[in-house]
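The structure appears right after this line, and notes come after that.
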Amino acid sequence: MIVGAFTLDDNILGPDAYVVLINRWNALSDDEKEATFPRVAPNFIVELRSSSSTYISCHRKMLTWMNAGVEEGLLIDPIGNSRTVRIYTCDTNTNNIIWQDHINPQSVTSQQAKA
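Per full-length UniProt numbering, the sequence shown starts with residue 1, numbered consecutively.
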């Protein structure tokens, strides 16, 4: 099923790209799966900053995603002289959201996709 947005607590957000693994999706009831905006956080998301968005607003959106249960997220910022990819993850020991910036990367690797 293709979903355009998800319900996260009191927000409805739609990522630019996402993955919901089958075990997370199958944990939903049939009614929840049929909802216009399912109440589930994707396992992995990608957000692409547009020229109409500030970097801080995109960062806040990524924190909202991560606090809702996303396991890994990429914020791609193609604007300006340096292209930045910020990878967000959750430290399972401390439950803190951490991020790492990659400036002008040739490629980045998802830790979530490796698992």
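All residues carry an ideal CB built from backbone N, CA and C; glycine is no exception.
On the three-state DSSP scale, how would you describe residue i?
{"i": "Asp30", "result": "helix"}
{"i": "Asn11", "result": "strand"}
{"i": "Ile97", "result": "strand"}
{"i": "Ile79", "result": "coil"}
Could you give the residue range of the alpha helix (DSSP H) that holds residue i?
{"i": "Thr64", "result": "55-67"}
Just reading off the beta strand (DSSP E) that residue i is part of, what are its end residues?
{"i": "Thr84", "result": "84-90"}
{"i": "Phe44", "result": "44-48"}
{"i": "Asn41", "result": "The amino acid at residue 41 is misidentified as Asn; the sequence shows Ala. Taken as a continuous stretch (DSSP letters only), Ala41 belongs to no beta strand (DSSP E), as it is neither H nor E."}
{"i": "Ala17", "result": "17-19"}
Taking residue i as the reference, which of the options has the closest Cα?
{"i": "residue 117", "options": "Asp31, Ser51, Pro78, Ile22", "result": "The structure shown does not extend to residue 117, since the chain is modelled only from 1 through 115, so no value can be given for it."}
{"i": "Ser51", "options": "Pro78, Gly14, Ile98", "result": "Pro78"}
{"i": "Gly73", "options": "Thr54, Thr94, Val108", "result": "Val108"}
{"i": "Pro105", "options": "Arg24, Ile76, Phe44", "result": "Ile76"}
{"i": "Asp91", "options": "Gly69, Ser82, Arg83", "result": "Gly69"}
{"i": "Phe44", "options": "Ser29, Val19, Cys58", "result": "Val19"}
{"i": "Asp9", "options": "Asn81, Phe37, Arg24", "result": "Phe37"}
{"i": "Asp16", "options": "Thr54, Trp25, Gly4", "result": "Gly4"}
{"i": "Ile97", "options": "Ser110, Ile103, Glu71", "result": "Glu71"}
Use the C-beta contact count for residue i: other C-beta atoms within 10 angstroms, 16 or more gives buried, fewer gives exposed.
{"i": "Arg86", "result": "buried"}
{"i": "Arg39", "result": "exposed"}
{"i": "Lys33", "result": "exposed"}
{"i": "Arg49", "result": "buried"}
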